[in-house]
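Let me begin by presenting the structure, written as structure tokens, before commenting on it.
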Amino acid sequence: MVDFDFTASLGTARFPNPVFTASGCASSGKELSQFFNLTEIGAIVTKSIMVKPRSGRPTPRMAETPSGMLNSIGLQGPGIDDFLSNDIPWLVERGSRVVVSIAGESVEEYGVLARRLRSVSGLSAVEVNISCPNVENRGAVFACDPSAARAVVEQVRRSLGGELPIIVKLSPDVTDITEVAGEVINAGADGLALINTLLGMVIDIDSMRPKLGGKTGGLSGPAIRPVAVRAIYQVRAKFPSIPILGMGGVANGRDALELIFAGASAIAIGTATFGNPTALIKVRDEMAQLLTDRGFTRFSDAIGYAHRV
Amino acid sequence: MVDFDFTASLGTARFPNPVFTASGCASSGKELSQFFNLTEIGAIVTKSIMVKPRSGRPTPRMAETPSGMLNSIGLQGPGIDDFLSNDIPWLVERGSRVVVSIAGESVEEYGVLARRLRSVSGLSAVEVNISCPNVENRGAVFACDPSAARAVVEQVRRSLGGELPIIVKLSPDVTDITEVAGEVINAGADGLALINTLLGMVIDIDSMRPKLGGKTGGLSGPAIRPVAVRAIYQVRAKFPSIPILGMGGVANGRDALELIFAGASAIAIGTATFGNPTALIKVRDEMAQLLTDRGFTRFSDAIGYAHRV
Amino acid sequence: MTMKSINKKAQQRDAEIISNKKVGAYHHMVFAVGDMATFAYPGNFVAISVGGPNSSMVLRRAFAIYRAHDRGNYGGTIELVVAPHGQGSKWLTSLPVHSTVDMVGPLGTHFGIPTEPVNALLVGGGYGSAPLFGLADLLKSQGSRVDMVIGASTAGKIYAPLEGKRTVNSMSVTTEDGSTGLRGRVTDLLPKIIDEHSVDIIYSCGPMAMLAAIQKIADQHHVLHQASIEESMACGIGVCMTCVIPLRDEDGILRMSRSCIDGPVVDGSSVIWDSRGSIPHGTLGEPRG
Amino acid sequence: MTMKSINKKAQQRDAEIISNKKVGAYHHMVFAVGDMATFAYPGNFVAISVGGPNSSMVLRRAFAIYRAHDRGNYGGTIELVVAPHGQGSKWLTSLPVHSTVDMVGPLGTHFGIPTEPVNALLVGGGYGSAPLFGLADLLKSQGSRVDMVIGASTAGKIYAPLEGKRTVNSMSVTTEDGSTGLRGRVTDLLPKIIDEHSVDIIYSCGPMAMLAAIQKIADQHHVLHQASIEESMACGIGVCMTCVIPLRDEDGILRMSRSCIDGPVVDGSSVIWDSRGSIPHGTLGEPRG
Ligand SMILES: Cc1cc2nc3c(=O)[nH]c(=O)nc-3n(C[C@H](O)[C@H](O)[C@H](O)COP(=O)(O)OP(=O)(O)OC[C@H]3O[C@@H](n4cnc5c(N)ncnc54)[C@H](O)[C@@H]3O)c2cc1C
Ligand SMILES: Cc1cc2nc3c(=O)[nH]c(=O)nc-3n(C[C@H](O)[C@H](O)[C@H](O)COP(=O)(O)OP(=O)(O)OC[C@H]3O[C@@H](n4cnc5c(N)ncnc54)[C@H](O)[C@@H]3O)c2cc1C
Ligand SMILES: Cc1cc2nc3c(=O)[nH]c(=O)nc-3n(C[C@H](O)[C@H](O)[C@H](O)COP(=O)(O)O)c2cc1C
Ligand SMILES: Cc1cc2nc3c(=O)[nH]c(=O)nc-3n(C[C@H](O)[C@H](O)[C@H](O)COP(=O)(O)O)c2cc1C
Ligand code: FES
Ligand code: FES
């Protein structure tokens, strides 16, 4: 394993290895640092931050499902000001690679967030979470509306300037994910993050009502891995050169390999961290071993390997 | 449980209980009859039949996934002629309720199938599986294209005449399932079947290629239950009077109750039968008990109960 | 009074089951945990993976630490009181001795121990009595008076081991069906005890509704109240934001705070008890319109 | 020659593990199954639920019946030879004696037994030798000559119990690494044995590639060949259509047939062996264009 070249890249950003936290599944990183050194992983992707502080949705906010879970956090967070003064410096000082995830309720808000990030030093990339309701269009989720998705990315591109890579995170809850991918790539995305959660619901058979305070929630965990692999494979087939940050149900090295072979250039770990605080380290080490076993000497050679003819 | 009224209906069709086989998960019924008497369940929904014999997709056709499985059968079947002369009479003679599922590659083919069913006696309803590629439109799946879905249902309505209820089976792989539901209801659907499988993929990390012969496959089983509950709940909220045959990951009575409370008028069992040949009987008995425990005396009162204010 | 604070000593390890005994409706389980026990304070909890290697359950289950011992025949041990409730806890309680589980802990805040002797009233509902016995020992050892009230729906759900009863100055039991102790709820007894023993502080652990009712009484009688709360937790380590409750912080700002990090032990007066299932008015970042 | 036919006597029941012993790379497992054993013929298989009540594995696993006994100390028993391969089989082989599993069986077609004595050659690869021992007994009891060839990659994967060796007229072993028996593959030995003993029929069980190679030899030597095949099965009872193989039926029509119902034992000459992973040209309903 000494000779294995594990470096990864997304656009112009470089990482010592391809294992990242998934947005919203590592808070802003600090809490995981009692289990491992944050510089051990590729990057911390922070919880999607909005312009203003946000309380999120009422509880209960989670329901366990077969090999998965639903969450309805509702983007709780302190707002960009608090985030930039408290969370980012802590991470940057400790030498972590940081990808900031942003979320807005209007195209304008995404612009505001991107402008705020422009001058922040120490960031590796910006992830644009477009799985948010667009208050200006009857709450239609940006990620489910190709033209709205495009408008967000164009705005972020303009406001951010040309330095930081923009990774746009797509929702699998669409008829054709390659269509949305095409739009955001044209709008200037440097990479895509695939996939966000699937919309789901659990009904509590005792109260005989939806279990979550917010009624519906996002389905994550191993249950959705086949959907993630398919989405990554489809997008990679159509846009072979766009880097993909893959995620969805990865809990060990074997799972990660599926997404890598399908076309992911790096892997984010979400739900698995809840079950195992050191899941990221496990995935990283198992992945390196499995790739070495298969004769790979460089991680990058494995990306999209399932597409070879 | 003696006093529990378990009768169910979908449009004008009546059933002694609301537990059905899911199309493609009970072949044409015969094979299950060594485990229980087919009259014990609400209905047999037969494997989707096409006009001509069809070999289906190459093997491997399945991959187990966390709390689920992928299949890529590719609608293997003997064609409508063989089916009507061999499979249907066998079921009808034994007193089973029969729902015939049909699938076509063009609007025209659906019409041909519906016409053939017109004169068949002993059927309870027709299920229209529109999760098929439309060869006339670059293989776009009917269920993912609201206007194509509409055209199919209008054609079936015309060709079938006015007797048999038409249940249209929708795919969850769409941006807005209520939009497709609205189209097919307008086109004359008497009920909806929710949900078909989700498109997924598994990569074999040893061969480093997609595991299924057909590359992608349909994801079913408990993993997708939260998506099924959500889809049923959404459609019920928007179209409270359309009957829904609910399915997706039901393996026991508790699972079934979630779908019923979300809005299903009957439940179909697919993947669970593979793990347990008597799953249908288990679901039926547990459901009756759980509903009785909760004070219901009629099954029909429980339908959509999670929507009460 | 020492403030409760987050336990920063969490570790993840395999813990061997040393003993697993049914006690009434519960299982008393002892785990060999090495030095995890050294850093455990009354009120802390542990989080355990459930279902084994092929499990369909992806989330850990949280359990309040009943007792922790630094060293013994098995090195450090942690004891839990587990109710076989749903899938996960039934799996755990069914494990034979010598099985190992994956355990993370100690987690969360712990009960604050006053620096001076006080009159303390400990109130537990169901298995919520468990963490109170270790707390009682600690309070007694620094000279406090400790009265205890334990309630449950029925006798089998009262967890009150003999040695625990002996430590405290008084122990009262209530059951809703009257099958043991007084018929009624714990809160029926509190006003009298508070008055009789000039209670300074209530420590409580149990269902949210019970805690809320205790807070009302604490307010009326102007006594402090440290409550150990139980919200559904997906991660237990502060990274998921599922376990939030509305808490007013020292600056008077009302936030949806993580009960796994800012709790489970919280100052009862800082919680907006009535608002489970909603975002209380005035919460930082509350939804507009 | 009696034709193989579908076993219509399948039942679903709890089966208690009576014995579970490691034998080389495999586990020999005995299950108490009541009268399920009565209806089991060599070649039939059973399907077992894996992973326990919280399992993330939704599909049964199929295992060829090694031996079935009508009655004994435990009533009817069925014996299996299980390779701890992936998640499901590892779970199964790790179960302690007295655990119960949910078993469906006997399923599928069985080996056809000639009405007259014949010269039979039984060829097994890996755990594929297991169902051949019961078959050997049956053939011997009706007066046939039985030669057996067993192969595997390495010695630990040869399953050949002593009492099994005794029944047959000859037993040859091959391993690819030469760690026991002859270095090579089973097929290296077949031509010679066929000639020497005027073999009438080959019965085989093992990996698909081995079966295909045997068929070539059977064709060259004009001997019959009954092969027990192993395709991924989701249901094992004929309802899912995942387990298909291209089979030419009596009317000469080539169909994708279910190996759980029309197999696992099939007439080797009716299989289009080369076409795994594709639909052979001429199959009923083959894709157009
Ligand atoms: C801080 C804390 C301390 C706890 N201490 C104990 C203890 O000492 N003894 C004990 O028996 N149990 C305790 N619990 C509850 C325990 O964590 C499990 O929730 C409970 O055992 C039910 O899990 P299950 O898998 O059996 O049920 P399931 O119904 O299968 O659980 C499904 C999901 O819902 C959650 N859930 C279900 N019931 C509760 C509940 N009452 N509170 C929170 N989440 C719930 C589960 O954690 C799980 O994620 C505690 C919970 C918390 C948060
Ligand atoms: C008719 C038949 C007879 C069999 N007899 C035996 C036997 O006697 N002894 C024995 O050890 N095994 C036998 N097998 C293989 C067995 O059913 C399992 O497939 C094998 O144990 C691997 O399952 P797993 O859960 O350990 O592996 P996993 O890799 O976790 O299995 C995942 C899925 O793939 C399928 N799969 C994996 N490998 C195979 C394979 N080689 N063939 C078919 N499906 C596979 C599994 O059934 C399962 O659905 C037989 C299979 C069939 C179809
Ligand atoms: C509790 C929770 C909170 C999440 N919050 C966010 C978020 O703030 N922003 C975002 O882009 N994705 C969020 N996600 C989605 C994850 O980043 C990830 O895309 C998804 O969970 C699939 O990966 P997994 O199966 O590894 O969890 C969240 C997921 C969970 C479970
Ligand atoms: C092996 C298999 C074959 C299927 N074939 C069909 C089919 O022919 N027609 C159809 O409408 N749905 C088909 N389905 C989908 C099921 O009817 C059902 O909608 C889906 O599997 C979800 O239910 P479940 O989780 O209970 O399996 C098939 C599913 C499986 C697993
Ligand atoms: S349980 Fe995850 S933040 Fe508290
Ligand atoms: S395994 Fe289902 S039909 Fe053969």
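Chains as they are written, first to last, in the working numbering: chain A, 1 to 309; chain B, 1001 to 1309; chain C, 2001 to 2289; chain D, 3001 to 3289. Backbone N, C-alpha and C fix where the C-beta goes; we use that ideal spot for every residue, glycine too. In this text, all values refer to a predicted model and were calculated from it rather than measured experimentally.
Taking 9 Å as the cut-off, the beta carbon of residue 3029 of chain D is found closer than this to the beta carbon of residue 3092 of chain D. Between the alpha carbons of residue 3278 of chain D and residue 3077 of chain D lies a gap of roughly 39 Å. DSSP places residue 229 of chain A in the helix class (H, G or I) of the three-state scheme. Within the segment 3053 to 3077 of chain D, those residues whose Cβ lies closer than 7 Å to any Cβ of chain C are, in chain order, 3054, 3055, 3056 and 3057. Residue 3085 of chain D carries a coil assignment under DSSP once its states are collapsed to helix, strand and coil. Look at the beta carbons and you see the segment 3120 to 3139 of chain D touching the segment 3198 to 3211 of chain D: at least three pairs across the two are nearer than 8 Å. The way I'd put it, the segment 1101 to 1110 of chain B does touch the segment 1142 to 1155 of chain B; three or more beta-carbon pairs between them come closer than 8 Å. With a threshold of 9 Å between beta carbons, residue 2284 of chain C makes contact with chain A.
Around the C-beta of residue 3220 of chain D, fewer than 16 other C-beta atoms lie within 10 Å, and the residue is accordingly described as exposed. Counting C-beta atoms within 10 angstroms of its own C-beta, residue 3281 of chain D has fewer than 16 neighbours from the protein chains shown and is therefore classed as exposed. Under the three-state reduction of DSSP output, residue 208 of chain A falls in the coil class, being neither helix nor strand. Shown in chain order are the residues whose CB sits closer than 7 Å to a heavy atom of ligand 5: A/274, C/2233, C/2234, C/2235, C/2236, C/2237, C/2238, C/2239, C/2240, C/2241, C/2242, C/2243, C/2258, C/2259, C/2260 and C/2261. Annotated three-state conformation of residue 3117 of chain D is coil, per DSSP. Using a Cβ-Cβ distance cut-off of 8 Å, the segment 3250 to 3263 of chain D and the segment 3222 to 3236 of chain D are in contact, since at least three pairs of beta carbons, one from each stretch, lie closer than that value. For residue 2101 of chain C, no Cβ of chain D is located within less than 9 Å of the residue's own Cβ.
The beta carbon of residue 73 of chain A sits closer than 7 Å to the beta carbons of 24, 56, 57 and 61 from its chain, once the five residues preceding and following it are set aside; these are given in chain order. The count of Cβ pairs closer than 8 Å, one atom from the segment 1208 to 1217 of chain B and one from the segment 1273 to 1289 of chain B, stays below three, leaving the stretches out of contact. Taking a Cβ-Cβ cut-off of 7 Å, the neighbours of residue 2051 of chain C in chain D comprise 3054, given in sequence order. By the criterion of at least three beta-carbon pairs nearer than 8 Å, the segment 2127 to 2136 of chain C is in contact with the segment 2039 to 2046 of chain C. By the beta-carbon neighbour count (other beta carbons within 10 angstroms, threshold 16), residue 3266 of chain D is buried.
Shortest gap from the CB of residue 2090 of chain C to any heavy atom of ligand 1: under 8 Å. Using a Cβ-Cβ cut-off of 7 Å, residue 3231 of chain D is close to 1059 of chain B, given in chain order.
Shown here, residue 1215 of chain B sits in a strand according to DSSP, grouped into three states. Considered as a whole, the segment 233 to 269 of chain A harbours 244 to 247 and 266 to 269 as its complete beta strand (DSSP E) runs of no fewer than 3 residues, in chain order. Within the same chain, 1221, 1222 and 1223 come within 7 Å of residue 1067 of chain B by CB-CB distance, once the 5 residues on both sides are set aside. Cβ atoms of residue 1170 of chain B and residue 1196 of chain B come within 8 Å of each other, at about 7 Å. Not one beta carbon of chain C lies nearer than 9 Å to the beta carbon of residue 88 of chain A.
Of all residues in the segment 144 to 164 of chain A, only 144 come within less than 7 Å of chain B when Cβ atoms are compared, listed by chain position. Across the structure, residue 1121 of chain B and residue 1147 of chain B are spaced so that their CA atoms are roughly 31 Å apart. For ligand 2, no non-hydrogen atom lies closer than 8 Å to the CB of residue 3024 of chain D.
In the three-state reduction of the DSSP assignment, residue 2233 of chain C falls in the coil class, being assigned neither a helical nor a strand state. A direct Cα-Cα distance of roughly 28 Å separates residue 1238 of chain B from residue 1016 of chain B.
For residue 2253 of chain C, DSSP assigns no beta-bridge partner whatsoever. In this model, residue 1273 of chain B and residue 3109 of chain D are separated by some 21 Å (Cα to Cα). The criterion of a C-beta distance shorter than 9 Å is not satisfied by residue 3112 of chain D and residue 3151 of chain D.
Along the segment 3235 to 3259 of chain D, going in chain order, the ones with a CB nearer than 7 Å to a CB of chain B are 3235, 3237, 3238, 3239, 3240, 3241, 3242, 3244 and 3256.
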